[in-house]
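Enquirer: Once you've had a glance at the structure underneath, I'll fire off some questions.
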Amino acid sequence: MAREAAPKVQTIDPAAIEMIKRAEELGYSTVFSRAAKMPACPIGAEGACCQICNMGPCRLVPTKSNPDPVGVCGATRATVAARNMARHIAAGTAAHSDHGRDLIFTLQAVAEGASQGYELRDLAKLNTVAGYFGVKTDGKKPEQIAGEIAALAIGDMARQKGTLTYTKRAPKKRQEIWAQLGILPRGVDREVVDTLHRTHMGDDQDADHLMLGSLRTALADGWGGSMMATDLSDILFGTPSPLVTKVNLGVLKSDEVNIVIHGHEPTLSEMIVRVVNEPELIELAKSKGAKGVALCGVCCTANETLMRQGVPSAGNDLNQELAIITGAVEAMVVDVQCIMQSLSDLSTKFHTKLITTSPKVMISGATHMEFDEHHALDIARQIVRVAIENYPNRKQTEIPTHLSDLVPGFSHEYIRYMMGGVLRGSFRPLNDAVMTGRLRGVAGVVGCNNPRVTHDQAHFDIVKEFLKNDVLVVQTGCGALANAKYGLLVGEAAMEYAGPGLREVCEAIGIPPVLHMGSCVDNTRILTVLTEMASEGGLGDDISDIPGVGIAPEWMSEKALAIGAYFAASGVYVLFGVNSPVENSDEVTKIMSEGWEKIVGGKMEFVPDPMEIVRRSLAHIDAKRAALKLPAYDPAKFGKSGDWRMRELLKQPLEERVNALYGMPVAAE
Ligand code: MSK
57 MAREAAPKVQ
67 TIDPAAIEMI
77 KRAEELGYST
87 VFSRAAKMPA
97 CPIGAEGACC
107 QICNMGPCRL
117 VPTKSNPDPV
127 GVCGATRATV
137 AARNMARHIA
147 AGTAAHSDHG
157 RDLIFTLQAV
167 AEGASQGYEL
177 RDLAKLNTVA
187 GYFGVKTDGK
197 KPEQIAGEIA
207 ALAIGDMARQ
217 KGTLTYTKRA
227 PKKRQEIWAQ
237 LGILPRGVDR
247 EVVDTLHRTH
257 MGDDQDADHL
267 MLGSLRTALA
277 DGWGGSMMAT
287 DLSDILFGTP
297 SPLVTKVNLG
307 VLKSDEVNIV
317 IHGHEPTLSE
327 MIVRVVNEPE
337 LIELAKSKGA
347 KGVALCGVCC
357 TANETLMRQG
367 VPSAGNDLNQ
377 ELAIITGAVE
387 AMVVDVQCIM
397 QSLSDLSTKF
407 HTKLITTSPK
417 VMISGATHME
427 FDEHHALDIA
437 RQIVRVAIEN
447 YPNRKQTEIP
457 THLSDLVPGF
467 SHEYIRYMMG
477 GVLRGSFRPL
487 NDAVMTGRLR
497 GVAGVVGCNN
507 PRVTHDQAHF
517 DIVKEFLKND
527 VLVVQTGCGA
537 LANAKYGLLV
547 GEAAMEYAGP
557 GLREVCEAIG
567 IPPVLHMGSC
577 VDNTRILTVL
587 TEMASEGGLG
597 DDISDIPGVG
607 IAPEWMSEKA
617 LAIGAYFAAS
627 GVYVLFGVNS
637 PVENSDEVTK
647 IMSEGWEKIV
657 GGKMEFVPDP
667 MEIVRRSLAH
677 IDAKRAALKL
687 PAYDPAKFGK
697 SGDWRMRELL
707 KQPLEERVNA
717 LYGMPVAAE
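Structural data, given as structure tokens:
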């Protein structure tokens, strides 16, 4: 289906509107203007282009005279669409899992005493993870336990036969489904290689079989690489719990050295957080005429440091160029994933130093300061120094004033604790709320932004509708940052947007109606919550029984497709917005929807209209309620228990409220 190159309204973010206008005045391109100038290739967008061998590339576009074209080798539209999708999922799995691998190496370095600046911050989580891997903890030092976990985790990455350890964390019934289908993943690397091999010219040609293999590869991501990344990050940097911080371009300071951290891995950014306020560096900044050094993030590095240390975020993926256009960024420090190549040229138009740090990611024109966990603090200090030295080069700035409060940090451990109470964590109250109908269901609304649709609009519209319909929402990645900008990730949002039942739940526990659960790899926290809900009782005995959905309304990354596929394989109905990358094949579209639903209970559909996504989601949630014989959703039954104390509490400043509710220290701005 032909689609517009870009929407008429580029963004709903007021700060982004200002900076897009500024870019136009200055004559600089942005992702928004480039999208408008470059329509998406209609052949590639639908999965109709086969580039796998040099007899092509073949364009399998149906015409009147040839309604069902095949490639030079005879490959059908279904085979080509399935192969393309399989490769996307493998690439997404590789990216997430390599992130996990880097954290394993950091853990190993800590265990060997060879790292600089890292420590084992969450020993309780270390012991929990030791349990998953079967590592005995009695009488052992934490470093020894960490070393044994690291060795077994590396083994899981490279496992040739057998099954990934973490799949045992899924509900029993789910594991049996995977075993029966033969899709229990082996090592992460093996599954990625398997996909690349079977999609090579002349290999797997059966669309059904190709897509089944993709489910296995995606499971290696969700219940493997990504889940390890989440767990090891928590061990090394602390398991998140709620705190208060701010989001949007207004976090940039007009009189301080601004450093923006961007990408995904927390290993270097956490070290920058540690050193940025060292007296010597602050003195250096003052000697250059700045009042201090201000650190903020974009994309998922932002999410990592936001939810643990309260480091403010300058926004999500499409805000990355706009931060530089303020003229106020001394250094943008990037590691891996979602980094636009345009940053390099754009930064030369201002005084910004673009600093690459990963051995995997070099960008022409950027300064490369390679990260190494053995000298992490030294490298972090060098990077901060480079930014400070650059402050005198700052020229005219134009920083939008827009910024919003948010309360991030809802790890699954914290959700368990907040639901169950101080002395006994439990998911019982959450299940009860769904069973009574106070909550109609649950939804994970995650993933990227995409300039082919209005920036943030679908995230905002879909989540507002869910809240109105008493659906509790969890968010990660750029979606979480989107709705944080519009005030949905604070307690007040329940009063303004939630239906009567959801409002009662938010009032009773003292939570926002939208819970920020972390970065892209942290979608695995949602898998854990769903598993806990399935084990708690009353909502069936498998993830596929739960009245819930997963949505990626503005997806753009291959990682999003891997995430969607592992949620579908885990039993979740997953809906993607924007467009369908398998639209050229009705057969593959059907395999991923009806076909997958029959075998794994979950499915993946592509639905460009956000309100149709909501309609299908609510219908699915209601059908799952009916299958569990739960009362039909009836909002009229709830909402009469308005808690006056909640209203009183809302009059207090946000920081005091969060401290009173969660007993957590308030993060410094
Ligand atoms: S950063 S993968 S744009 S969520 Fe994780 Fe955002 Fe998507 Fe990148």
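Going by this note's numbering, the residue at position 324 of the sequence shown is 380; the numbering climbs one at a time, nothing skipped. Here a beta-carbon is modelled for each residue, glycine too, at the ideal position from N, C-alpha and C. The structure presented is a predicted model; accordingly, all values stated were derived computationally and were not measured.
#1: Count the other C-beta atoms from every protein chain shown that fall within 10 angstroms of the C-beta of Val302, then say buried if there are 16 or more, exposed otherwise.
#2: Tell me which residue opens and which closes the alpha helix (DSSP H) that Glu588 is part of.
#3: List the DSSP bridge partners of Cys114.
#4: Tell me the DSSP secondary structure of Thr219 in three-state form.
#5: Here's the rule I'm using: 16 or more other beta-carbon atoms within 10 Å means buried, otherwise exposed. How should Asn314 be labelled?
#6: Hey, could you find the ends of the alpha helix (DSSP H) Gly503 is sitting in?
#7: Can you grab the Cα-Cα spacing for the pair Ser424 / Val354, in whole Å?
#8: Kindly list the residues whose CB is nearer than 6 Å to the CB of Glu653, restricted to its own chain and excluding five residues on each side of it in sequence; keep chain order.
#9: What three-state label does DSSP hand Gly125 in the structure shown?
#10: Is Ala370 helix, strand or coil when you go by DSSP?
#11: Any idea what DSSP makes of Tyr473, helix, strand or coil?
#12: Do Cys562 and Pro556 have their beta-carbon atoms positioned less than 7 Å apart in this structure?
#13: By the 10 Å Cβ neighbour count, where 16 or more other Cβ atoms means buried, how is His253 classified, buried or exposed?
#14: Just list the alpha helix (DSSP H) runs in the segment 652-700, keeping only unbroken ones of 4 residues or longer that don't cross its boundaries, in chain order.
#15: With Gly127 and Val136 assumed to form a contact (beta carbons below 8 Å), what rounded beta-carbon distance in angstroms separates them?
#16: Helix, strand or coil for Gly269? Go by DSSP, reduced to three states.
#17: Assuming Pro603 contacts Lys707 (C-beta within less than 8 Å), just tell me the rounded distance between them.
#18: State the Cα-Cα distance for the pair Lys615 and His144, rounded to the nearest angstrom.
#19: Can you give me the Cβ contacts of Phe293 inside the same chain, cut-off strictly under 7 Å, excluding the 5 residues immediately before and after it?
#20: With hydrogens ignored, establish whether the beta-carbon of Lys693 is closer than 6 Å to any heavy atom of the ligand MSK.
#21: In this structure, does DSSP put Tyr188 in helix, strand or coil?
#22: Please name the residue in Ala514, Asp665 and Tyr629 whose C-alpha comes closest to that of Cys504.
#23: In whole angstroms, what is the alpha-carbon distance linking Ala358 and Ala550?
#24: Is the beta carbon of Asp373 within less than 6 Å of some heavy atom of the ligand MSK?
#25: Decide if Gly243 is buried, meaning its Cβ has at least 16 other Cβ atoms within 10 Å, or exposed.
#26: Identify the residues that DSSP records as bridge partners of Phe632: which are they?
#27: Rounded to a whole number of angstroms, what is the C-alpha to C-alpha distance between Ser600 and Leu495?
#28: State the Cα-Cα distance for the pair Ile518 and Met111, rounded to the nearest angstrom.
#29: Closest to Ala432 by C-alpha separation, out of Gln172, Arg115 and Ala62, would be which residue?
#30: What is the rounded straight-line gap between the Cα of Phe427 and the Cα of Arg246?
#31: Is any non-hydrogen atom of the ligand MSK found closer than 6 Å to the C-beta of Gly503, if you look at the structure I gave you?
#32: The beta strand (DSSP E) that contains Val389, what's its start and end?
#33: I want to check one thing, is the minimum distance from the CB of Gly173 to the heavy atoms of the ligand MSK below 6 Å?
#34: Exposed or buried, what is Arg581 when buried is set at 16 or more other beta-carbons lying within 10 Å of its beta-carbon?
#35: Would you decide whether Asn449 is buried or exposed? Buried here means 16 or more other CB atoms lie within 10 Å of its CB.
#36: I need the straight-line Cα distance from Glu725 to Gly366, nearest angstrom please.
Expert: By the coordinates alone:
#1: In the sequence shown, the residue the question calls residue 302 occupies position 246. The question names Val, but residue 302 in the sequence shown is Lys. So Lys302 counts as buried.
#2: As a first step, residue 588 is located in the sequence shown; it is residue number 532 there, counting from the start. Run containing Glu588: Asn579 to Glu592, per the alpha helix (DSSP H) assignment.
#3: As a first step, residue 114 is located in the sequence shown; it is residue number 58 there, counting from the start. Answer is Cys106, bridged to Cys114.
#4: To locate residue 219, count along the sequence shown from 1; it is residue 163. Coil, per DSSP.
#5: Looking up residue 314 in the sequence shown gives position 258. By the 10 Å Cβ count, Asn314 comes out buried.
#6: Locating residue 503 in the sequence shown gives position 447, counting from the first residue. Unbroken run through Gly503: none, as it is neither H nor E.
#7: Reading the sequence shown from its first residue, position 368 is the one you call residue 424. Reading the sequence shown from its first residue, position 298 is the one you call residue 354. Here residue 424 turns out to be His, not Ser, going by the sequence shown. Approximately 19 Å, taken between the alpha carbons.
#8: Along the sequence shown, read from residue 1 onward, the residue named residue 653 stands at position 597. Around Glu653: Lys659.
#9: The residue labelled residue 125 in the question sits at position 69 within the sequence shown. The residue you asked about is not Gly; residue 125 is Pro in the sequence shown. In the structure shown, Pro125 sits in coil (DSSP, three-state: anything other than H, G, I, E or B).
#10: Position 314 of the sequence shown holds residue 370. If DSSP states are grouped into helix, strand and coil, Ala370 belongs with the strands.
#11: As a first step, residue 473 is located in the sequence shown; it is residue number 417 there, counting from the start. Helix at Tyr473.
#12: Counted from its first residue, the sequence shown places residue 556 at position 500. Counted from its first residue, the sequence shown places residue 562 at position 506. No, the pair does not count as a contact, with Cβ atoms beyond the cut-off.
#13: Counting from 1 along the sequence shown, the entry for residue 253 is found at position 197. Under this definition His253 is an exposed residue.
#14: 652-656 and 666-683
#15: For the purposes of this step, residue 127 is taken as residue 71 along the sequence shown, with counting starting at 1. For the purposes of this step, residue 136 is taken as residue 80 along the sequence shown, with counting starting at 1. Between Val136 and Gly127 the Cβ distance is about 7 Å, and since that is below 8 Å, they are a contact.
#16: Here residue 269 corresponds to residue number 213 of the sequence shown, with the count starting at 1. If DSSP states are grouped into helix, strand and coil, Gly269 belongs with the helices.
#17: Your numbering for residue 603 matches position 547 in the sequence shown. Your numbering for residue 707 matches position 651 in the sequence shown. Pro603 to Lys707, Cβ: 35 Å. No contact.
#18: As a working note, residue 615 is residue 559 in the sequence shown. As a working note, residue 144 is residue 88 in the sequence shown. Answer to the nearest angstrom: the Cα atoms are 8 Å apart.
#19: Against the sequence shown, residue 293 aligns to sequence position 237. Correct list, in chain order: Arg177, Pro322, Glu326 and Arg364.
#20: As a position in the sequence shown, residue 693 is number 637, starting the count at 1. Answer for Lys693: no, Cβ out of range of the ligand MSK.
#21: Here residue 188 corresponds to residue number 132 of the sequence shown, with the count starting at 1. Looking at Tyr188 - three-state DSSP - the assignment turns out to be helix.
#22: Translated into the one-based positions of the sequence shown, residue 504 becomes position 448. Closest by alpha carbon: Ala514.
#23: Translated into positions along the sequence shown, residue 358 becomes position 302. Translated into positions along the sequence shown, residue 550 becomes position 494. Taking the straight line from one Cα to the other gives about 25 Å.
#24: By 1-based counting over the sequence shown, the position of residue 373 is 317. Yes, since a heavy atom of the ligand MSK falls inside the 6 Å radius drawn around the Cβ of Asp373.
#25: Position 187 of the sequence shown, counting from 1, holds the residue named residue 243. Classification of Gly243: buried, given that the 10 Å Cβ count is 16 or more.
#26: To locate residue 632, count along the sequence shown from 1; it is residue 576. In DSSP, Phe632 forms a bridge with Ala608 and Phe662.
#27: Position 544 of the sequence shown, counted from the first residue, corresponds to residue 600. Position 439 of the sequence shown, counted from the first residue, corresponds to residue 495. Their Cα atoms are separated by approximately 17 Å.
#28: Taking the sequence shown and counting its residues from 1, the one referred to as residue 518 is at position 462. Taking the sequence shown and counting its residues from 1, the one referred to as residue 111 is at position 55. Answer to the nearest angstrom: the Cα atoms are 44 Å apart.
#29: The residue labelled residue 432 in the question sits at position 376 within the sequence shown. For the residues Gln172, Arg115 and Ala62, the minimum Cα distance to Ala432 belongs to Gln172.
#30: To locate residue 427, count along the sequence shown from 1; it is residue 371. To locate residue 246, count along the sequence shown from 1; it is residue 190. Approximately 27 Å, taken between the alpha carbons.
#31: On the sequence shown, residue 503 is found 447 positions in, with the first residue counted as 1. Yes.
#32: For the purposes of this step, residue 389 is taken as the residue at position 333 of the sequence shown. Element bounds for Val389: Ala387 to Val390.
#33: Translated into positions along the sequence shown, residue 173 becomes position 117. No, the Cβ of Gly173 stays beyond 6 Å of every heavy atom of the ligand MSK.
#34: Translated into the one-based positions of the sequence shown, residue 581 becomes position 525. Looking at its Cβ environment, which holds 16 or more other Cβ atoms inside 10 Å, Arg581 is buried.
#35: Position 393 of the sequence shown holds residue 449. By the 10 Å Cβ count, Asn449 comes out exposed.
#36: Here residue 725 corresponds to residue number 669 of the sequence shown, with the count starting at 1. Here residue 366 corresponds to residue number 310 of the sequence shown, with the count starting at 1. Note that Glu725 scores a pLDDT of 36, beneath 50, so its modelled location is shaky; the value from the coordinates is reported in the next line. Straight-line Cα distance between these residues: approximately 7 Å.
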